[in-house]
Amino acid sequence: MRPSGIDVVGSVPWGTHFCQFYDTGDDLVETLVPYFREGLMGNEYCLWIACAPLQVEQARAALQSAVPDLERRIARGQLEILDCREWYTPGGRFDIDTVLRGWWDRIVAALDRGFQGLRVSGNTFWLESADWADCVHYEEALNEVIGAHPVLGMCSYSLSKCGAAEIFDVVANHEFTLIKRSGRWQRIESAHYQKMEQALRESEARVAAAQEELRAANDQLHQARQALRRSEERLLAADRRKDEFLAMLAHELRNPLAAICSAVQLMQARRPSDPVLQRAQNVMARQAQHTARILDDLLDISRITEGKIVLKKETLTLAPVLESALESARPMLEDRGHQVFVAIPRETLVLDADPVRLAQAVSNLLNNAAKYTPSGGEIHLSAQRHGSEVAIRVRDNGIGIAPEVLPTIFDLFVQGEHAPGRRHGGLGIGLTMVQKLVAMHGGRVEARSEGPGRGSEFVVWLPLAEVETEHHARRSEPRPLLTPRRILIADDNADAAEMLAALLEEEGHWVFTAEDGPSAIGRALSEKPDVILLDIGMPGMDGYTVARRLRLEPALEGTMLVAVTGYGQDEDRERAFAAGFEHHLVKPVDLDALRRVIAASPTPAWSALSDPAWKDLPVCGEPNLPWC
């Protein structure tokens, strides 16, 4: 809004085009002087087109009395006072196009020179009746020019030269009109512009209502976003609690599993002659391994879903991977009494893959087939090249998959309908894990079935390595004889510590145990072991703290620290290595993996006692005193 300077008018927006009817030159002074004074004070470019009864010099003198620095403003180009003949009839006649171009040039010049806009007034006393029609057309065109730009326009008409028809035309082409009655200026609204103003007010009311609705909608959206943020925070907190629960669950279950597995391995090492005991031991071993696999799957699917699994790819041949998968699934297959048919082509199929994770995916498919196939069923494992891909198929003659289940079979926690005689329920995570692991290898997996009771087939498609080189299948090598080591086991689970100690003693090592952190430190300093198998989740002083304390002891500089724990997350491994551990093994510990770790420890100084050349000499029972 711009102040007009005229009391009865007040402030008006840019684009306002109004007029006045006057009788005398004094009437013009009363309105135009304050009108232009406000424009000059508001940094507007001002153009006053003067005509009788208020000529250029009279207008300039009247304005100078109200604007003391008028001459300075004229000098800087803020004000022009022109004779109407210079503006309206420079060629002796009124040319609408020339006048409109003049307005446009003044608007552009005002903005280019940094003024807020253009304020203009023109007296039409010069008009003759012959020019009236052109003037009406000019006023209509001027409305379009002024209405679209930062311009205020005020036209002056002499009452003495206007009849009723002319007055009607003037009022119709201006937003409002000023007229002097009884010595006071009054504002008369144009009927046309009254309608426009009414429409504008109604439009503004609708806009205000719409803005209010928009504000209300924005408030609702803001509240919804806050609710969503709170929900996300609750979900994240629940997800963290879930991960913490799974990690704690795994830890708490792995401790007793470790004791069970060690006890079973110890019994198997003694090789009982009773076939019933042998069968019971085999069942215990299989079920313990199965439980450990369920725990691994629970944690793996959480890590894979969150993108925390990193593949350790290498160039390998497919056959050993399938062999490893079959070996992992063997307990389930044998327990169910299935016949397994394997068909692998003679050609060497080479992939860039993580052998452990790829074998895990195929093993999950085999276990899935075993679960959903009645006892004594048939399971087929095959692989075949198809161009640049290999297709690994696992097919069974089990309970099949209903058509409505097929589209969601790979979703997390989705299971098909249970068969009445089915003994293995599962958690509904195996196929999800397969799909994600295969996708991480750049492949895809498909599920096929002709319906319930007609078996199922899962096909894993994987890209073959671009450059195939000659590879040889990995062969299992005989387990090397280990040089006996002095080993300290620190674990607050007495059963787990006792069984693992007995198992390692069976293999010829000297083993000591400790039930908590402080006693582990004391025993380590007194016995100076070659290897310390240290549990993490001990009460009071955890394994990380114990490891850091042990690494400060010069006497234990060559001792290998191995974390043997139920905590198997990636961050647990990172914390273990940061604390000074050299290896991280998850309970129940794979005995072959433990053997490899122990074999990698520094050879003790007393290892000569184990050399075959000394076998005929008497050896003292205390290994730290080889000279006794």
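Each residue of the sequence shown is one higher than the last, beginning at 101 in my numbering.
Quick reminder that beta carbons are idealized off the backbone N, C-alpha and C, glycines included.
Per DSSP, cross-strand counterpart(s) of residue i
i: Tyr472; result: Answer is none; Tyr472 lacks a bridge partner.
i: Ser613; result: A quick correction: the sequence has Thr, not Ser, at residue 613. Looking at the DSSP assignment, Thr613 forms a beta bridge with Ile589.
i: Cys146; result: Leu179 and Arg219
i: Leu633; result: Ile589 and Val662
i: Lys280; result: Trp285
i: Glu546; result: Val559
i: Tyr257; result: Phe121
i: Ser482; result: Ala443 and Arg493
i: Leu451; result: Leu416
i: Val43; result: Lying outside 101 to 728, the shown extent of the chain, residue 43 is not represented and no answer is given.
i: His684; result: Ala663
i: Val251; result: Leu218
i: Arg102; result: Val112
Closer than 7 Å: residue i CB and nearest the ligand GTP heavy atom
i: Arg495; result: Summarising the ligand content, the structure contains no ligands, and the ligand GTP is consequently not present.
Supposed close pair residue i, residue j - CB separation, criterion 8 Å
i: Ala647; j: Gly680; result: 5 Å
i: Thr448; j: Thr417; result: 5 Å
i: Gly551; j: Ala483; result: Not a contact, Cβ separation roughly 26 Å.
i: Gly500; j: Arg554; result: 5 Å
i: Ala663; j: Leu691; result: Not confirmed; about 17 Å, so no contact.
i: Leu154; j: Val129; result: 7 Å
i: Ala166; j: Val133; result: 5 Å
i: Ile181; j: Val199; result: No, Ile181 and Val199 are not in contact; Cβ-Cβ is about 17 Å, not under 8 Å.
i: Asn467; j: Leu531; result: No, Asn467 and Leu531 are not in contact; Cβ-Cβ is about 11 Å, not under 8 Å.
i: Ala565; j: Leu451; result: 6 Å
i: Glu477; j: Asp496; result: Note on residue identity: the sequence assigns Gly, not Glu, to residue 477. Confirmed, Cβ separation roughly 6 Å.
i: Met733; j: Asp616; result: For residue 733 there is no data in the structure shown, the boundaries of the chain being 101 and 728.
Selection from the options that minimises the alpha carbon distance to residue i
i: Ile479; options: Gly487, Ala601, Ala310 and Ala443; result: Ala443
i: Leu218; options: Thr198, Thr448, Ala663 and Thr116; result: Thr116
i: Pro688; options: His541, Ala317 and Leu600; result: Leu600
i: Gly263; options: Arg623, His438, Ser556 and Glu228; result: Glu228
i: Ile621; options: Asn468, Ala590 and Met384; result: Ala590
i: Gly658; options: Leu328, Glu671 and Glu682; result: Glu682
i: Asn593; options: Leu604, Pro552, Pro639 and Ile279; result: Pro639
i: Leu140; options: Leu154, Val129 and Gln164; result: Gln164
i: Val494; options: Thr508, Val545, Gly202 and Val456; result: Val545
i: Pro190; options: Leu336, Asp212 and Trp226; result: Trp226
i: Arg665; options: Glu313, Arg334 and Ala358; result: Note on identity: in this sequence residue 665 is Thr, with Arg being the wrong assignment. Closest option to Thr665, Cα to Cα, is Ala358.
i: Val245; options: Glu266, Ala272 and Gly202; result: Gly202
i: Glu583; options: Leu481, Leu451, Glu627 and Ser701; result: A small correction: the amino acid at residue 583 is Thr; Glu does not occupy that position in the sequence shown. Residue Ser701 is the option with its Cα nearest to Thr583.
i: Arg586; options: Ile632, Asp595, Ala614 and Arg334; result: Ile632
i: Ala459; options: Arg430, Ser475 and Ser549; result: Arg430
i: Tyr122; options: Thr508, Ile267, Phe194 and Gln178; result: Ile267
i: Ser556; options: Val490, Tyr472, Glu504 and Gly543; result: Tyr472
i: Ala272; options: Trp285, Asn243 and Gly247; result: Asn243
i: Leu588; options: Val611, Asp595, Glu607 and Leu465; result: Val611
i: Asp231; options: Ala241, Ile174, Leu259 and Ile196; result: Ile196
i: Gln178; options: Glu138, Met660, Glu566 and Ala150; result: Glu138
i: Asp212; options: Pro250, Arg193, Ala175 and Gly222; result: Pro250
i: Pro507; options: Ala547, Asp635 and Ala565; result: Ala547
i: Gly125; options: Met101, Arg173 and Asn223; result: Asn223
i: Gly214; options: Phe194, Arg176, Trp187 and Pro704; result: Arg176
TODO: Inspect the CB distances between the stretch 227 to 241 and the stretch 142 to 150 and report whether three or more fall short of 8 Å.
DONE: Output reads no: the stretch 142 to 150 does not touch the stretch 227 to 241.
- [ ] Can you check the stretch 108 to 175 for any beta strand (DSSP E) of at least 3 residues that lies completely inside it and give the ranges in chain order?
- [x] 117 to 122 and 145 to 150
Open item on the list: Is it the case that the stretch 527 to 544 contacts the stretch 414 to 433, given that we only count it when at least three CB pairs across the two stretches are under 8 Å?
Closed with: Contact between the stretch 414 to 433 and the stretch 527 to 544 is absent: fewer than three C-beta pairs spanning the two stretches fall below 8 Å.
Open item on the list: So, does the stretch 199 to 211 touch the stretch 255 to 262, judging by three or more C-beta pairs under 8 Å?
Closed with: no
TODO: Give a yes or no on contact between the stretch 104 to 118 and the stretch 276 to 285, applying the rule of three or more CB pairs nearer than 8 Å.
DONE: The stretch 104 to 118 vs the stretch 276 to 285: in contact.
TODO: Evaluate the contact criterion for the stretch 600 to 610 versus the stretch 360 to 367: three or more CB pairs, one atom per stretch, below 8 Å.
DONE: Three or more Cβ pairs drawn from the stretch 600 to 610 and the stretch 360 to 367 lie within less than 8 Å of each other, which places the two stretches in contact.
Open item on the list: With three or more C-beta pairs closer than 8 Å as the rule, is the stretch 315 to 331 touching the stretch 554 to 563?
Closed with: no
Task: the stretch 689 to 697 touching the stretch 611 to 628, judged by at least three CB pairs closer than 8 Å - done: no
TODO: Would you check if there are 3 or more beta carbon pairs closer than 8 Å linking the stretch 150 to 169 to the stretch 312 to 323?
DONE: no
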